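A quick write-up on the structure given underneath.
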Amino acid sequence: MPRRSYEAIRKQIEKLEAQARKLEEAAQQKKKQAVAQVVALMKKLGVSLEDMAGARPRRSRRRASRATTTGSEAPLRAARPAVRRTDSPPSRRAR
């Protein structure tokens, strides 16, 4: 594989960075358009942020944290059986 010069690699990096900037700008533009559409639809239908907050009940953090903190690690170990070696141990050479 031929070695590339520092300048050639630097030029490729700049090109890729410019491409990344364009992609990020396009994503931001799409996001702005989506937000504008949502706001327009909310105005049209008379929906407020309070309506949105009450539309779906929020999960309590207590319930999620209880599941992770009170559960012991034993069930996790029990789910995966211990591996037993069926072959004999390696023989030791006489010294």
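The sequence shown: position 33 = 14 (the numbering used here), numbered continuously.
A virtual CB, placed ideally from N, CA and C, is assigned to each residue, including glycine.
Owing to the predicted nature of the structure, the values given are computational and were not obtained by experimental measurement.
Helix, strand or coil: how does DSSP classify Gly35 here? Along the sequence shown, one-based indexing puts residue 35 at 54. Helix, per DSSP.
For Ala8 and Leu(-3), I'd like the C-alpha separation in whole angstroms. The count along the sequence shown starts at 1 and reaches residue 8 at position 27. The count along the sequence shown starts at 1 and reaches residue -3 at position 16. Taking the straight line from one Cα to the other gives about 16 Å.
Who are the Cβ neighbours of Arg(-16) in its own chain at under 7 Å, not counting the five residues just before and after it? Numbered from 1 along the sequence shown, position 3 holds the residue referred to as residue -16. No residues qualify anywhere along the chain.
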